[in-house]
Amino acid sequence: MTADPNASAATPRGKRTDARRNEQVLLDAAAAVFVTHGVDAPVRLIASQAGVGMGTIYRHFPTRPALIAAVYRHQVEALAKAGPALLREEGEPSAALRRWVAEFVDFLVTKHGLAGAMGADVDGADDLHRFFLDQLVPVCDALLLAALGDTGMKQISGFMLMRGIGNLCIGAGNDVRYDAGRLVDLLVTGVLATEWADQTAGVVARKAPSE
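The opening position of the sequence shown corresponds to residue 3 in our numbering, with each subsequent residue numbered one higher.
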């Protein structure tokens, strides 16, 4: 009987596909646990959420910082993909911006304590921050450009908006009287109003009588 020349190649590819799929399940489970319990959540909770043993998690992510970094990158990549998708789904770019910002806030409020959870891996934390900026600033810029146009983009950049949102989210969850999401929504409302203010100023200037 002639051996199938593709048989030996198919099995490793199948295993790699299964491994990637299992890793995604673990990352999704860990992300869900971090939302409710923070980045210091016990690994056993993540294992329970994923329906696997703790040994399975450690085979994929040998250390806690490795797991946290992988979850962080996983969520950043999801946010990066969400921007263009929301622009396609929403009829109004401003609505797409608001939805993306809401997802961004949900991401931020679960990441306080990230530096501490990474331990002594300062370089790893710096790499994550650079990855965060490289992936998300262009997405936020694109959403702002769609919502405000070139004129509005002269008033605020994606980096500036993200930085402002980040500052408003500091300490979120530590005091039930503080609603970071509400303040961020007010901030975005002000940003979107910039477009109308600029347009109004242009109309007034065109109508002003010449001296």
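We put the beta carbon where it would ideally sit given N, CA and C, even for glycine.
- For T65, no alpha helix (DSSP H) encloses it, and the DSSP letter there is neither H nor E.
- Within its own chain, the residues whose Cβ lies closer than 7 Å to the Cβ of A84, once the five positions on either side in sequence are excluded, are W102, E105, listed in chain order.
- Within a 10 Å sphere around the beta-carbon of M164 sit 16 or more other beta-carbons, which makes this residue buried.
- Straight-line measurement puts the Cα of R132 at about 22 Å from the Cα of A32.
- Only buried fits P95, as 16 or more other CB atoms lie within 10 angstroms of its CB.
- Under the 8 Å Cβ criterion, the segment 58-78 does not count as touching the segment 154-161, having fewer than three qualifying pairs.
- Straight through space, the alpha carbons of A80 and L88 are spaced by roughly 12 Å.
- The DSSP-derived three-state label of I48 is helix.
- Judged by their CB atoms, D187 and R100 are nearer to each other than the 9 Å cut-off.
- Looking at L29, A82, F109, I172, the one whose alpha-carbon comes closest to that of L145 is A82.
- Where I167 is concerned, the enclosing alpha helix (DSSP H) starts and stops at 160-171.
- Per DSSP, the unbroken alpha helix (DSSP H) holding R100 starts and ends at 95-111.
- Under the three-state reduction of DSSP, G53 is assigned to coil, being neither helix nor strand.
- By the Cβ neighbour-count rule, A195 is exposed, with fewer than 16 other Cβ atoms within 10 Å of its own.
- Sequence-distant partners of V73 (beyond 5 residues in either direction) whose C-beta falls short of 7 Å from its own C-beta, in its chain, are L29, A32, A33, F36.
- When only Cα atoms are considered, N169 and G183 end up about 12 Å apart.
- Relative to the Cα of L189, the nearest Cα in the group D177, G166, V78, R23 belongs to G166.
- Residue state for R179 is assigned as coil, using DSSP reduced to three classes.
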